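First to last, the protein sequences are chains F and A. When the count follows my numbering, it moves up by one through the first sequence with no breaks and lands on 536 for the last residue. When the count follows my numbering, it moves up by one through the second sequence with no breaks and lands on 536 for the last residue. What follows is a set of notes on a single structure, which appears directly below.
There are 2 protein chains.
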Amino acid sequence: MATAATPSAPDGAPAPEPVPKQTKQTVDPYNVTGEVGADGVVKAIDYNKLVDEFGTKKIDDELLARFERVTGKRPHHFLRRGIVFSHRDFETILDRYEKGEPFFLYTGRGPSSDSVHVGHTVPFEFTKWLQDTFDVPLIIMLTDDEKYLFSEKKTIEEVQGYCASNVKDIIAIGFDPAKTFIFSDFDFVGGAFYRNIVRLSKHITLNQARAIFGFNESTNIGRIHFGSIQGATSWASSFPHIFGEDEKQTVGIPALIPCAIDQDPYFRMTRDVSARLKFQGKPYAKPALIHSLFLPALQGPGTKMSASIDESAIFMRDTPNQIKNKINKYAFSGGKVSVEEHRQFGGDTSVDVAYQYLRFFLEDDDELERIRISYENGEMLTGELKAICIRELQKYVAGFQERRAKVDDETVKLFMERRPLQWRGNPKAPVVVPKVVEGEGAEAAAAAADGEAKMTKNQLKKLEKQRQAEAKKAQKAKEKAEAKEKAAAAATAATTAAAAPTTEEDKAEQTADAAAKTEKTEAAAANAAAQEA
Amino acid sequence: MATAATPSAPDGAPAPEPVPKQTKQTVDPYNVTGEVGADGVVKAIDYNKLVDEFGTKKIDDELLARFERVTGKRPHHFLRRGIVFSHRDFETILDRYEKGEPFFLYTGRGPSSDSVHVGHTVPFEFTKWLQDTFDVPLIIMLTDDEKYLFSEKKTIEEVQGYCASNVKDIIAIGFDPAKTFIFSDFDFVGGAFYRNIVRLSKHITLNQARAIFGFNESTNIGRIHFGSIQGATSWASSFPHIFGEDEKQTVGIPALIPCAIDQDPYFRMTRDVSARLKFQGKPYAKPALIHSLFLPALQGPGTKMSASIDESAIFMRDTPNQIKNKINKYAFSGGKVSVEEHRQFGGDTSVDVAYQYLRFFLEDDDELERIRISYENGEMLTGELKAICIRELQKYVAGFQERRAKVDDETVKLFMERRPLQWRGNPKAPVVVPKVVEGEGAEAAAAAADGEAKMTKNQLKKLEKQRQAEAKKAQKAKEKAEAKEKAAAAATAATTAAAAPTTEEDKAEQTADAAAKTEKTEAAAANAAAQEA
Chain F
4 MATAATPSAP DGAPAPEPVP KQTKQTVDPY NVTGEVGADG VVKAIDYNKL VDEFGTKKID
64 DELLARFERV TGKRPHHFLR RGIVFSHRDF ETILDRYEKG EPFFLYTGRG PSSDSVHVGH
124 TVPFEFTKWL QDTFDVPLII MLTDDEKYLF SEKKTIEEVQ GYCASNVKDI IAIGFDPAKT
184 FIFSDFDFVG GAFYRNIVRL SKHITLNQAR AIFGFNESTN IGRIHFGSIQ GATSWASSFP
244 HIFGEDEKQT VGIPALIPCA IDQDPYFRMT RDVSARLKFQ GKPYAKPALI HSLFLPALQG
304 PGTKMSASID ESAIFMRDTP NQIKNKINKY AFSGGKVSVE EHRQFGGDTS VDVAYQYLRF
364 FLEDDDELER IRISYENGEM LTGELKAICI RELQKYVAGF QERRAKVDDE TVKLFMERRP
424 LQWRGNPKAP VVVPKVVEGE GAEAAAAAAD GEAKMTKNQL KKLEKQRQAE AKKAQKAKEK
484 AEAKEKAAAA ATAATTAAAA PTTEEDKAEQ TADAAAKTEK TEAAAANAAA QEA
Chain A
4 MATAATPSAP DGAPAPEPVP KQTKQTVDPY NVTGEVGADG VVKAIDYNKL VDEFGTKKID
64 DELLARFERV TGKRPHHFLR RGIVFSHRDF ETILDRYEKG EPFFLYTGRG PSSDSVHVGH
124 TVPFEFTKWL QDTFDVPLII MLTDDEKYLF SEKKTIEEVQ GYCASNVKDI IAIGFDPAKT
184 FIFSDFDFVG GAFYRNIVRL SKHITLNQAR AIFGFNESTN IGRIHFGSIQ GATSWASSFP
244 HIFGEDEKQT VGIPALIPCA IDQDPYFRMT RDVSARLKFQ GKPYAKPALI HSLFLPALQG
304 PGTKMSASID ESAIFMRDTP NQIKNKINKY AFSGGKVSVE EHRQFGGDTS VDVAYQYLRF
364 FLEDDDELER IRISYENGEM LTGELKAICI RELQKYVAGF QERRAKVDDE TVKLFMERRP
424 LQWRGNPKAP VVVPKVVEGE GAEAAAAAAD GEAKMTKNQL KKLEKQRQAE AKKAQKAKEK
484 AEAKEKAAAA ATAATTAAAA PTTEEDKAEQ TADAAAKTEK TEAAAANAAA QEA
């Protein structure tokens with residue numbers, strides 16, 4: 004384990020031959036460990052070093068200010084606190100959002116066990132926030148094939164079992180079914196997606212794959228090939244049921260991929276190929292990325308939580324009592340050895356796991372700052388800090404469990420159906436999306452060509468229901484906006500039509516305006532309906 | 004090209020540095036060339052050497068005698084003449100046929116061009132004969148992904164275009180739609196098939212793949228992985244719509260693969276994995292193979308016809324005149340340089356391309372033997388031999404063109420639909436096949452699980468029509484058999500029920516008997532209907 008120190012030689016015994024356990028920091032899709040020093044102690048992962056090594060860009064204040072200007076939304080606390088700390092081409096995505104050009108969100112999970120922990124749900128929480136912010140399609144890939152290829156013992160049936168349960172966990176985060184498509188590779192590989200997989204795999208040499216992933220002669224050929232599957236998901240043309248059949252349009256639509264930094268190598272490779280590839284003269288859009296830190300294991304910031312080590316993680320099935328016990332017992336403390344010393348010198352929040360978790364789970368910046376100061380100057384003791392952490396995590400896990408209980412098989416089916424999605428993008432610059440083929444003939448043709456399942460009556464009914472709910476919501480927002488407008492007009496004659504909205508409330512208004520606009524134009528409504536059909 | 008001799012140095016010129024063009028025979032899925040001697044002349048491919056190198060078995064008289072005993076059918080002239088000359092586990096297939104245990108035929112084509120030549124159609128002719136003989140499902144794979152991965156320039160759209168036209172050529176051979184499923188990888192990869200692809204790829208190391216195919220560091224990862232796709236097609240569990248959803252049953256059903264010997268490496272690899280793999284304790288059936296020689300290029304037996312070299316091949320679109328001109332102009336002759344010499348010493352049929360083609364296309368053994376003797380003793384001249392070859396090839400190509408003209412898009416759709424197939428296997432030991440899931444619920448579940456397209460009403464209608472035609476045929480056969488039986492009973496009281504039928508006629512009787520039997524048993528009929536539904 005990451006925090007295990009090399010035991011020193013017992014007194015009096017002859018000095019054993021020095022066994023330098025010293026190793027460099029390793030971060031790739033298969034391994035995450037901080038540097039192990041000469042003393043055998045694992046250091047915290049050096050994320051700045053990763054940014055340099057990988058050639059990504061740090062997310063800076065300027066970028067965040069632009070984000071806020073463009074989206075009218077305060078950056079998520081993960082962004083404000085450097086938890087989501089690095090990116091590739093996130094500016095390009097903001098450009099597109101500004102101009103109303105389509106893009107989509109793509110994230111995923113390798114279903115390696117039934118036990119989902121908070122380290123797994125955190126990136127999904129952030130992704131949900133991005134989806135709510137940008138109002139764009141979200142594609143969630145479950146790499147059951149990867150987990151089978153990379154495991155010694157697991158059977159296909161086992162990983163498919165994990166999949167079935169993990170998808171419910173993911174849905175419990177609260178994604179909007181109208182704009183989210185979840186798939187498992189074992190079920191979805193085929194058709195347009197498979198064509199893109201082959202397209203990508205043709206343009207990656209063994210040499211390149213080795214340089215990125217470090218394969219050797221005993222590596223199985225499935226693993227060597229797997230990068231093309233993870234990569235091809237970042238091409239919009241893999242999803243004709245969402246982005247339409249016209250590949251000349253869809254090759255230009257990029258993905259924005261929120262992921263932990265260890266997944267970057269896959270997309271570095273994909274970006275490289277995208278840059279070289281053209282479809283009928285039109286270049287493939289490179290996927291953009293925003294990278295997050297790992298949620299540290301309970302034992303400390305040198306590694307991430309592991310589903311296979313129960314004491315390393317807070318699981319989403321844990322009871323309030325289990326959470327309390329785990330944090331009290333295992334959470335690595337930055338406090339001093341005695342109360343006296345602690346009062347005198349204060350604790351170290353940079354390594355204190357309870358404090359680190361609060362950076363993830365406590366939204367209130369002021370409260371977090373109060374805690375930091377209080378702990379660092381020795382006022383707050385470790386026990387008190389842990390109590391706050393326990394309270395926040397219990398709250399978070401309970402909320403999840405409540406939603407998770409409501410996710411049934413029907414809901415899963417709804418999310419995993421191949422179907423058009425509904426999204427609006429930037430309300431100030433309505434998104435221009437290629438039309439999804441409609442009508443029975445086209446549908447049959449598409450099904451024949453891609454082996455895609457048609458929607459059953461039941462599913463169509465569900466979609467119709469969603470659409471109606473959506474329309475009702477828009478109508479309500481419109482009414483509210485109109486009422487507000489009236490009130491505002493009575494109070495003042497000033498308008499702010501040209502200014503970019505900067506608060507949540509402003510944004511709500513704008514959305515309502517956009518909804519109202521849609522209501523007004525018959526043509527626009529027909530167009531929207533066509534897209535949603 | 005294969006027949007290009009190294010030009011000798013012009014008289015008087017200083018002897019150039021010896022450039023030894025001498026190379027060993029190369030036969031793998033990507034290259035076929037005979038040994039090039041020190042004189043620069045390409046030798047005929049040494050097939051015995053291949054049998055030794057690959058570790059296959061020669062098809063001998065004993066095996067052919069057994070084939071005839073078991074099937075009641077005289078071996079095809081390809082078998083009699085050593086054109087289909089080698090095998091792996093063909094005995095096992097005969098065992099299964101004898102016992103009424105299911106197996107299926109699997110063959111394929113890489114759609115590399117629109118121009119299909121006689122070298123392409125020959126293996127399909129043989130496959131059709133096997134299908135007619137064994138009455139088992141036939142699966143034909145079009146490896147459009149392979150052709151894209153292995154070509155420098157071709158786009159996916161181009162190879163898909165070749166596919167669309169090649170499938171019509173294949174259908175024109177005369178396959179029975181009720182028991183033939185044709186698919187292209189780009190369309191069909193997914194679901195159960197994809198799971199098997201991943202399963203296979205997990206059990207092949209880079210090292211093994213290299214040893215078999217000789218990849219290097221610049222090989223793209225798609226190529227390295229491709230063997231798992233070609234291999235996974237030999238597992239019956241890849242086709243739940245044909246063999247049913249119960250994998251524990253289907254893993255035991257082997258494929259018999261008729262192919263040219265250069266495809267053997269793919270299946271050597273697959274057999275190796277099959278032997279090591281188990282599904283819930285049950286081993287995977289190893290594919291069996293029967294290997295054929297290559298149809299030589301017009302230039303001689305050192306290589307095979309090439310679609311990209313017009314003068315090397317007789318194309319299926321060639322006019323009678325083109326066929327005549329090509330053979331007269333290009334077909335390598337085993338005749339002597341002058342008529343006098345030819346009359347005195349006779350021709351060499353072992354290298355004469357016109358004669359070699361007659362081995363493939365002239366069914367009559369006696370006539371072929373007369374031609375051989377006459378040519379070898381110098382009676383028959385090259386011109387006369389070529390004239391016979393031209394006549395036979397014109398006949399063959401004309402027959403093909405006639406059938407090809409009738410293949411429309413509807414027919415293609417019928418062959419490429421995911422649907423249950425209808426087959427009977429050995430009429431003396433009715434085949435035991437796992438039931439294909441039926442009913443709407445099961446269908447929907449399968450579609451949801453595998454992303455498989457459901458059958459449209461139109462397709463169901465077609466299948467129903469086929470079924471009715473089939474039933475009519477069976478009824479007629481039954482009536483004929485009854486009439487015959489009556490006549491036979493009147494003439495003699497002897498019966499031959501226990502003896503194995505050895506002639507075509509006997510076999511027809513047996514089939515009729517089997518059909519009659521089916522008619523008699525209500526339960527059996529219901530069972531058959533369920534299987535066909």
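Cβ coordinates follow ideal geometry from the N, Cα and C atoms, glycine included. Source: prediction; values computed, not measured.
Do A/THR130 and A/LEU108 have their C-beta atoms within less than 8 Å of each other?
-> Yes; because the gap between Cβ atoms is below 8 Å, this pair is in contact.
Using a C-beta to C-beta distance shorter than 8 Å, which residues of chain A count as neighbours of F/THR208?
-> Neighbours of F/THR208 in chain A, taken as residues whose beta carbon is under 8 Å from its own, are GLU220, SER221, THR222, ASN223, ILE224 in chain order.
Check the Cβ of F/ALA239 against every Cβ in chain A and list those closer than 7 Å, keeping chain order.
-> Simply none; closest approach about 16 Å.
At a cut of 8 Å, does the region 109-116 of chain A reach the region 145-163 of chain A through at least three beta carbon pairs?
-> yes
Give the secondary structure of A/ASN223 by DSSP, where H, G and I count as helix, E and B as strand, and everything else as coil.
-> It is a strand residue.
Go ahead and label A/ASP92 buried or exposed: buried means 16 or more other beta carbons lie within 10 angstroms of its beta carbon, across all protein chains shown.
-> buried
How about F/SER221 and A/THR136: are their beta carbons less than 8 Å apart?
-> no
If A/VAL400 and A/ILE326 are in contact, beta carbons under 8 Å, what's the gap, nearest whole angstrom?
-> 6 Å
Just list the alpha helix (DSSP H) runs in the region 217-270 of chain F, keeping only unbroken ones of 4 residues or longer that don't cross its boundaries, in chain order.
-> 224-235, 243-246, 250-253
So what's A/TYR378 in DSSP terms, helix, strand or just coil?
-> helix
Which residues bound the alpha helix (DSSP H) around A/VAL73?
-> 64-74
Chain A beta carbons: is any one of them nearer than 8 Å to that of F/ALA212?
-> yes
Does the separation of the CB atoms of F/SER277 and F/TYR269 fall below 8 Å?
-> no
Might you give, ordered along the chain, the residues of its own chain that have their beta carbon closer than 8 Å to the beta carbon of A/ASP49, omitting 5 neighbours on each side?
-> The residues are GLN28, GLY37, GLU38.
What residues from the region 155-179 of chain A come within 7 Å of chain F, judged by C-beta to C-beta, listed N to C?
-> ILE159
Under 8 Å between C-beta atoms, does F/GLY193 make it to chain A?
-> yes
Limits of the alpha helix (DSSP H) - the one that A/ILE173 falls within = 159-174
Name the DSSP bridge partner or partners of F/SER295?
-> F/VAL87, F/ALA263
Supposed close pair F/ALA235, F/ASN199 - CB separation, criterion 8 Å = The Cβ separation is near 4 Å, so the contact holds.
Would you say F/LYS285 faces chain A, with C-beta separation under 8 Å as the test?
-> Chain A contact via Cβ: absent.
Could you give the distance in angstroms between the alpha-carbon of A/ARG427 and the alpha-carbon of A/VAL139?
-> 7 Å
Step through the CB atoms of chain F and report whether any lies within less than 8 Å of the CB of A/LEU280.
-> no
Can you find a C-beta in chain F that's less than 8 Å from the C-beta of A/LYS150?
-> Cβ-Cβ to chain F under 8 Å: no for A/LYS150.
Indicate whether F/GLY381 and F/GLY337 have their beta-carbon atoms separated by less than 8 Å.
-> Taking 8 Å as the Cβ cut-off, F/GLY381 and F/GLY337 do not qualify as a contacting pair.
Report the rounded CA-to-CA distance for F/ASP267 versus A/ASN219, giving the unit in angstroms.
-> 26 Å
Pick from A/VAL35, A/ILE143, A/SER154 that is closest to A/SER187, judged by C-alpha positions | A/ILE143
Residues that DSSP places opposite F/ASN34 in a beta bridge = F/ASP31
Counting only the same chain and skipping the five closest in sequence on each side, list residues whose C-beta sits under 7 Å from that of F/SER377.
-> MET383
Other residues of its chain near A/LYS182: CB distance less than 8 Å, five sequence neighbours each side excluded = GLN134, ASP138, VAL139, PRO140, LEU141, LEU424, GLN425, TRP426
Give, in chain order, every residue of the region 353-384 of chain A whose Cβ lies closer than 7 Å to some Cβ of chain F.
-> none
Partner residues on chain A for F/ARG202, Cβ-Cβ distance less than 7 Å = One finds ILE159 in chain A with Cβ atoms closer than 7 Å to the Cβ of F/ARG202, taken in chain order.
Near A/ASN169, which residues of its chain fall below 7 Å by C-beta distance, leaving aside the five closest residues on each side in sequence?
-> ARG112, PRO114, VAL119, LEU145
Compare the beta carbon distance of A/GLY194 and F/GLY177 with 8 Å and say whether it is the shorter of the two.
-> no
Does A/ARG198 come within less than 8 Å of chain F when only Cβ atoms are used?
-> yes
Note down, in chain order, every chain A residue with its Cβ under 7 Å from the Cβ of F/PHE107.
-> Residues of chain A passing the Cβ test: none, with the nearest at roughly 20 Å.
Helix, strand or coil: which one does DSSP assign to F/ILE317?
-> coil
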